[in-house]
């Protein structure tokens with residue numbers, strides 16, 4: 006099924022490629038090449054959230070895979086950069102800076118949800134102060150939207166923040182289970 010998915014991808018039939026690759030993963034959840042291939046297909050098709058979810062599933066199925074660590078690094082950094090630069094083509098850099106800085110909040114939320122970390126009132130206050138400080142520094146000379154907001158540009162920025170937050174949380178899991186130097190090198 007994986008090879009069939011690759012053939013469909015080469016022909017440009019993303020829907021059939023995705024279905025075939027998902028079938029390959031369903032038949033063998035530990036098949037890392039299937040996860041990496043599907044995640045790459047989804048990222049290239051403009052579905053970074055779905056790609057990240059596939060990588061998360063692969064991490065759960067086989068947390069010791071060096072190839073998975075590499076794929077997580079490529080997806081985390083590549084998706085983040087593509088989305089950030091796509092946002093910068095549509096919205097002012099100051100707005101992008103604020104929206105991308107929400108990754109701190111997203112990391113705290115995802116860490117609480119997926120890693121079981123506690124978010125104390127003091128930590129929540131620190132996150133809010135940091136976010137407010139970033140807004141103050143970014144907008145110290147005022148802010149102009151020239152009469153309109155490009156919602157797609159804002160969405161790209163928020164997705165970039167989400168990509169980096171997911172990468173950070175999944176990376177913490179990998180670092181907890183593997184040599185941090187190797188994880189960092191592969192990322």
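In my numbering, the protein residues as written are 6 to 192. Don't be surprised by glycine CBs; every beta carbon is placed ideally from N, CA and C. Source: prediction; values computed, not measured.
| Check | Outcome |
| --- | --- |
| Candidates 131, 104 and 115, of which the one nearest residue 162 by Cα | 104 |
| Helix, strand or coil at residue 125 according to DSSP, with G and I counted as helix | coil |
| Own chain partners of residue 117 with C-beta closer than 6 Å, once the 5 adjacent residues on each side are dropped | 124 |
| Contacts around residue 13, its chain only, beta-carbon distance under 7 Å, and the 5 residues preceding and following it disregarded | 21, 22 and 25 |
| The stretch 159-175 contacting the stretch 90-103, beta-carbon criterion three pairs below 8 Å | yes |
| DSSP state of residue 106 mapped onto helix, strand, coil | coil |
| Residue 10 burial status per 10 Å Cβ neighbour count (16 or more: buried) | buried |
| DSSP three-state assignment for residue 112, whether helix, strand or coil | helix |
| At least 3 beta-carbon pairs within less than 8 Å: the stretch 40-49 vs the stretch 60-67 | yes |
| Status (buried if at least 16 other CB within 10 Å, exposed otherwise) for residue 166 | buried |
| For residue 7, the first and last residue of its enclosing alpha helix (DSSP H) | 7-16 |
| Boundaries (first-last residue) of the alpha helix (DSSP H) holding residue 38 | 37-49 |
| Residue 81 vs residue 175 beta-carbon contact at 9 Å | yes |
| C-beta contact flag for residue 30 and residue 60 at 9 Å | no |
| Environment of residue 46 [buried if 16+ CB atoms lie within 10 Å] | buried |
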